[in-house]
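For the protein sequence lines, the chains are U and X, in the order given.
Under numbering that gives the first Met the number 0, the residue at position 274 of the first sequence is numbered 273, and the numbers go up by one with no gaps.
Under numbering that gives the first Met the number 0, the residue at position 227 of the second sequence is numbered 226, and the numbers go up by one with no gaps.
We treat Cβ as the ideally placed atom computed from N, Cα and C, and that holds for glycine.
Number of protein chains: 2
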Amino acid sequence: MGRKRTQSGEARLTEVAKLAGVSPITASRFFRNPEALSASKRERVESAAKELGYVPNLAARALASQRSEVIGVMIPSLTNNVFSDVLRGIYDVAQGSRYSIQLVNTRYSILQEEKLLRLFQAQKPAGLIVTGINQTAESRAVMQAMNCPIVQIMEIGPEPVDMMVGFSHYDAGIAAISHLLAQGHKRIGFLGARMDPRVQRRFDGYRDAMKAAGLLDQRLIVTTPVPTSVTMGGTLFADLLTRVPDLEAVFCVNDDLALGVLFECERRQIPVPEKMAIVGFNDLEFMASAVPSLTSVRTNRYEMGRHAVTMVTEAIEDRRPADPVIDLGFELMIRQSSLAKGA
Amino acid sequence: MGRKRTQSGEARLTEVAKLAGVSPITASRFFRNPEALSASKRERVESAAKELGYVPNLAARALASQRSEVIGVMIPSLTNNVFSDVLRGIYDVAQGSRYSIQLVNTRYSILQEEKLLRLFQAQKPAGLIVTGINQTAESRAVMQAMNCPIVQIMEIGPEPVDMMVGFSHYDAGIAAISHLLAQGHKRIGFLGARMDPRVQRRFDGYRDAMKAAGLLDQRLIVTTPVPTSVTMGGTLFADLLTRVPDLEAVFCVNDDLALGVLFECERRQIPVPEKMAIVGFNDLEFMASAVPSLTSVRTNRYEMGRHAVTMVTEAIEDRRPADPVIDLGFELMIRQSSLAKGA
DNA sequence: ACGAATATTGACAGCGCTACCAAGGGATTG
DNA sequence: CAATCCCTTGGTAGCGCTGTCAATATTCGT
């Protein structure tokens, strides 16, 4: 005797098909590509499905079709609010699509990334979104073998695994320093925490811009491998001031550090920007309303997430974007904290 | 002729079994419950699997076993950094387990939540983590019908759907106001943005504490449905000052607002805490290093995430926690911003 | 109006794995 | 020594859906 309901009691596709008076395969098509049906059958299946409260069994679909509708996402941190914006963009697009997101946290470890990548490989995701361009050779090999669209996000560089969306952290670093130089500053410090590859490239921008101006000095550079925080901004800044008492400006690799510097200046009664210029990175929301308002490099994190999912899904559906690499750029938001000394 | 490899070229369980010289079902057991095998077979299957690079096909497993190893997580926001801490806790525990997380964003809409819940229902998750206790009746019915462990997080209250981990936002509100009252303040303002149910209960605490002290005054209360931000903190505070020029203190429903208030005080040269006491909520990292340091209510967000996943997984495996409701409490972190006027 | 091209539809045969139940084998007991 | 138990192992029979390809309706051009 033929079962009518699934073991857990829900209607199966066969039952929907029977109620609609069509074959199971036709009903199946309705859920995947409704346009392929004639209008009459489409309506019949639709109402039958609604009547039975039918919901497709994803596991069965994945098994039969040999593919999933899962997009894997690998990010290095859930704490850093830079990524919450990216994630919001990713989920905003994905939640309106047929695809679901499988998120994993690499914790800034490329070995962990490699391991998680292998796990993904087993799940045969329909697409993949990975952070950055510094994967291990092994990771790149695995990705290449996965045979699905892949987008590298957060930055752009040579030799994409497949597609990319981001911006040049190096150029952004150059832009920040050029601005400070243009304001007449000479002793410009660099503050960095958790020097991940992207932060490293911002540093490269700082270094090259300073070198070009003949102002590079190792004493100006203070970094730590410890994760970033506002408190750490104050600590690093205090350290830097000890080394370079006549410091004029400081470039922080992110806004948390910049806020920490601002607080430390307040604590030491160093007037900003008169005696100390501050530039941050990412332009988090609070930068504009700080007192004084803080200069920062605005990055399009939400759009990055949106683009990444859009690119992946379009590629999955054989509508690859014309250009596999999208540069979302950045914008230097000049505010009070870095105005010219004389201004 | 029997296929050896899967369509996409990977080894199948049958092949592992053949190489190990056991039946497929024995090999299957190895991956689910190794202890059930004799030591010799266990080793044979293990090395065969390694040799072939075998990875179980999750879709086939889910279909055959009629259950998944997915834990659904519903949170209302990806922007609010309160949730990034919770998520970190969730992922930290889940990534070390056999379960994977399926995250969805309800965007503070209980209707969206209801819709997403139905989607989850179709996927038959092994467990569920939902934010808050204010689900619609329909949502509660769906959850009840899902027949899987469920943890409500962020707050505790009567009638859990299943399990709960959180704390009392009402009590926390009371604690914050009691502190301000103890410092001798009378005109204590309330600043709230996006009044979600938990924020509402903090407000209830404020209201009752003020009423008990005979100090409740509608003019002291300023709220907006707009999402919270540092800038909004300044805006709301400015509004409040216009209504109550002789304001003495302000309780902000979160730390972003509190930081905005601090900046606005700076802008208006109102000395904190001498002329204005400030208390925030959540105790984000920057609160301690602000100048002056900002008083806040510390909440155990990371632990909440960890507990939630632990409770769900243990319940899935029939080891339900002794107590279905865990109160993680809160701690008032008293700092400079709320010290007594005369201190 | 007729054949060709196109749009719809259906039958068959699994996808890779596990639930269920039964059987074999060794240890234990009276 | 037989009866009993438990531990380990295997056979059978799908889980609910979709790929492939052939079969059938429909439309079109001339």
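Rounded straight-line distance, which links the Cα of residue j to that of residue i
i: V103(X); j: V290(X); result: 37 Å
i: A10(X); j: L18(X); result: 11 Å
i: S177(U); j: G213(U); result: 13 Å
i: I109(X); j: A144(X); result: 18 Å
i: A38(X); j: A125(X); result: 30 Å
i: R334(X); j: S295(X); result: 8 Å
i: E247(X); j: L240(X); result: 10 Å
i: Q199(U); j: G188(U); result: 15 Å
i: A211(X); j: L293(X); result: 26 Å
i: T343(U); j: F30(X); result: Past the boundaries of the shown model lies residue 343(U); chain U is included only from 0 to 342, so the question cannot be answered.
i: P148(X); j: P23(U); result: 34 Å
i: T223(X); j: G233(X); result: 13 Å
i: D195(X); j: A63(U); result: 43 Å
i: R206(X); j: R319(X); result: 37 Å
i: L258(U); j: L258(X); result: 11 Å
i: I220(X); j: D238(X); result: 10 Å
i: P55(U); j: N146(X); result: 19 Å
i: Y301(X); j: I128(X); result: 14 Å
i: V150(U); j: M286(X); result: 37 Å
Cutoff 7 Å: residue i Cβ touching any chain X Cβ
i: T78(U); result: yes
i: F280(U); result: no
i: R266(U); result: yes
i: L51(U); result: no
i: V81(U); result: no
i: Y90(U); result: yes
i: V308(U); result: no
i: T93(U); result: The question names Thr, but residue 93(U) is Ala in the sequence shown. No, because no Cβ of chain X sits closer than 7 Å to the Cβ of A93(U).
i: R87(U); result: yes
i: M332(U); result: no
i: Q122(U); result: yes
is_contact[residue i, chain U] using C-beta, thresh 7 Å
i: G233(X); result: yes
i: V72(X); result: no
i: N133(X); result: no
i: L180(X); result: no
i: E284(X); result: yes
i: N104(X); result: yes
i: L110(X); result: no
i: F262(X); result: yes
i: S288(X); result: yes
Cut-off 6 Å between Cβ atoms - residues of its own chain near residue i, not counting five sequence neighbours on either side
i: A93(U); result: I100 and V308
i: E113(X); result: T135, E137 and S138
i: L116(U); result: S138 and V141
i: M209(U); result: L215
i: S336(X); result: V271, P272, I277, P291, L293 and T294
i: N133(U); result: P196
i: N44(U); result: Looking at the sequence provided, one finds Val at residue 44(U) rather than Asn. Around V44(U): A19, A26 and F29.
i: L180(X); result: A212
Cβ neighbours of residue i in the same chain (closer than 7 Å, five flanking residues each side left out)
i: L51(X); result: A10, E14, V15 and L18
i: R197(U); result: G131, M153, E154 and H168
i: A339(U); result: Q182 and G183
i: R97(U); result: E68
i: G191(X); result: V198, F202, T222 and V252
i: L283(X); result: N80 and D254
Coarse secondary structure for residue i, derived from DSSP in three states
i: R297(U); result: strand
i: L344(U); result: Here chain U has residues from 0 to 342 only, and residue 344(U) is not among them.
i: D203(U); result: helix
i: N104(X); result: strand
i: E284(U); result: coil
i: D84(U); result: helix
i: S37(U); result: coil
i: N78(U); result: With the sequence shown as reference, residue 78(U) is identified as Thr, and Asn is not the correct amino acid for it. Three-state result, T78(U): coil.
i: T230(U); result: helix
i: C147(X); result: coil
Residues near residue i in its chain [Cβ-Cβ closer than 8 Å; skip 5 each side]
i: D245(X); result: R186
i: T230(U); result: G259
With 7 Å as the limit, tell me which residues of the stretch 31-65 of chain X have their beta carbon closer than that to any beta carbon of chain U; keep them in chain order.
V54, L57, A58, A59, A61, L62 and Q65
For the stretch 124-152 of chain X, list every residue whose C-beta sits within 8 Å of some C-beta in chain U, in sequence order.
none
Please name the residues in the stretch 241-260 of chain X whose beta-carbon is closer than 8 Å to at least one beta-carbon of chain U, in chain order.
Only D255, L258 and G259 from the stretch 241-260 of chain X bring a Cβ to less than 8 Å from some Cβ of chain U.
Using a Cβ cut-off of 7 Å, which residues of the stretch 204-235 of chain U contact any Cβ in chain X, in chain order?
Residues passing the 7 Å Cβ filter: S228, V229, T230 and G233.
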